[in-house]
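Asks: One structure, pasted below without further comment.
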């Protein structure tokens, strides 16, 4: 773990891998470290925004007990999914199964939102079991509809709004994963546990 300054009011914690990010973030959120205003995890880093003494926050981060692992916040979300995505058959072939096998694998595990990015409300969900590796599309689509459920690398995610995208689409949900009228606006936030349910 390496802690680096990031501007005048934040620290960037560099970690070895995603499991370390998940474990460190869970410990940081569980312990409510004094002086920490915000925590922003990414694939191999955690940005810690301070509202107080930066040196004190740094010392607290360096003393924080944590262990690598996929520990969610305890909050759970169920998302109903229509498994009729344009790439479902192609993903099945890549994984050496049939479409029903993809659906069973996707719904048969729990996922943890590791971090957010790409668009407001887009949560990168990682599985609680051995991840699969689904390549991105060679040519991204210019238009992916809101609610599309996709796979890329070892992640799954839900497009919060219509946008371009290169993830392999396996289904869609009618649940708004990002809604400015809701508090919090993002349904899929770091640490939230997600279960996809066929409908």
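In the working numbering, the protein residues as written are 3 to 201. In this text, a Cβ means the ideal position worked out from N, Cα and C, and glycines have one as well. Everything numeric in this text was worked out from a predicted model, so none of it was measured.
Measure the Cβ-Cβ separation of residue 193 and residue 27 and say whether it is below 8 Å.
Replies: Looking up residue 193 in the chain shown gives position 191. Looking up residue 27 in the chain shown gives position 25. The answer is yes: Cβ separation under 8 Å.
Asks: With respect to the beta strand (DSSP E) encompassing residue 28, which residues constitute its N-terminal and C-terminal limits?
Replies: As a first step, residue 28 must be located in the chain shown, where it is residue number 26. Note, residue 28: premise wrong, no beta strand (DSSP E); alpha helix (DSSP H) at 20-33.
Asks: Mapping DSSP to helix, strand and coil, what is residue 83?
Replies: Numbered from its first residue, the chain shown carries residue 83 at position 81. Three-state result, residue 83: strand.
Asks: Return the CA-CA distance between residue 18 and residue 135, expressed in angstroms with no decimal places.
Replies: Translated into the one-based positions of the chain shown, residue 18 becomes position 16. Translated into the one-based positions of the chain shown, residue 135 becomes position 133. Each residue's Cα considered, the two are about 20 Å apart.
Asks: What residues match up with residue 126 in a beta bridge as DSSP calls it?
Replies: Here residue 126 is taken as the residue at index 124 of the chain shown, counted from 1. Note: residue 126 sits in a beta bridge opposite 117.
Asks: According to DSSP, is residue 174 part of a helix, a strand, or is it coil?
Replies: As a working note, residue 174 is residue 172 in the chain shown. It is a strand residue.
Asks: Measure the C-alpha to C-alpha separation of residue 42 and residue 23 and round it to an integer number of angstroms.
Replies: As a working note, residue 42 is residue 40 in the chain shown. As a working note, residue 23 is residue 21 in the chain shown. Roughly 10 Å separates the two Cα atoms.
Asks: For residue 52, which beta-bridge partners are listed by DSSP?
Replies: Looking up residue 52 in the chain shown gives position 50. Note: residue 52 sits in a beta bridge opposite 38.
Asks: With a 10 Å radius around its C-beta and 16 neighbouring C-beta atoms as the bar for buried, classify residue 104 as buried or exposed.
Replies: On the chain shown, position 102 is the one that residue 104 refers to. Buried is the call here.
Asks: On the DSSP bridge list, what partners appear for residue 16?
Replies: Translated into the one-based positions of the chain shown, residue 16 becomes position 14. Answer is 4, 47.
Asks: Throw me the rounded Cβ distance for the residue 190 and residue 79 pair, which I believe falls under 8 Å.
Replies: Taking the first residue of the chain shown as position 1, residue 190 is located at position 188. Taking the first residue of the chain shown as position 1, residue 79 is located at position 77. Going by Cβ atoms, the distance from residue 190 to residue 79 rounds to 7 Å, so yes, they are a contact pair.
Asks: Tell me whether the region 120-137 and the region 173-190 touch, counting them as touching only if at least three CB pairs, one residue from each stretch, are closer than 8 Å.
Replies: Yes, the region 120-137 touches the region 173-190.
Asks: Using DSSP with H/G/I as helix, E/B as strand and the rest coil, what is residue 197?
Replies: Residue numbering aside, residue 197 sits at position 195 when the chain shown is read from its first letter. Correct three-state label for residue 197: strand.
Asks: Below 8 Å on the Cβ atoms is my contact criterion, and I expect residue 13 with residue 66 to pass it. Report the Cβ-Cβ distance as a whole number of Å.
Replies: Translated into positions along the chain shown, residue 13 becomes position 11. Translated into positions along the chain shown, residue 66 becomes position 64. About 12 Å separates the two Cβ atoms, so there is no contact after all.
Asks: How many angstroms separate the CA atom of residue 47 from the CA atom of residue 4?
Replies: The residue you call residue 47 lines up with position 45 of the chain shown. The residue you call residue 4 lines up with position 2 of the chain shown. Roughly 9 Å between the two C-alpha positions.
Asks: Which term fits residue 149, buried or exposed, when burial requires 16 or more other beta carbons within 10 angstroms of its beta carbon?
Replies: As a first step, residue 149 must be located in the chain shown, where it is residue number 147. By the neighbour-count rule (16 or more Cβ atoms within 10 Å), residue 149 is buried.
Asks: Helix, strand or coil, according to DSSP, for residue 109 in the structure here?
Replies: The count along the chain shown starts at 1 and reaches residue 109 at position 107. Three-state result, residue 109: helix.
Asks: Alpha carbons only, please: which of 32, 7, 97 is nearest the one belonging to residue 57?
Replies: Taking the first residue of the chain shown as position 1, residue 57 is located at position 55. With distances taken between Cα atoms, residue 57 lies closest to 7.
Asks: Where does residue 87 land, buried or exposed, given buried means 16+ other C-beta within 10 angstroms?
Replies: Reading the chain shown from its first residue, position 85 is the one you call residue 87. With 16 or more other Cβ atoms within 10 Å, it is buried.
Asks: Span of the alpha helix (DSSP H) holding residue 94?
Replies: Against the chain shown, residue 94 aligns to sequence position 92. Where residue 94 is concerned, the enclosing alpha helix (DSSP H) stretches over 90-97.
Asks: Let's see if you can read the secondary structure: which residues bound the beta strand (DSSP E) around residue 153?
Replies: Translated into positions along the chain shown, residue 153 becomes position 151. Segment 150-154, the beta strand (DSSP E) holding residue 153.
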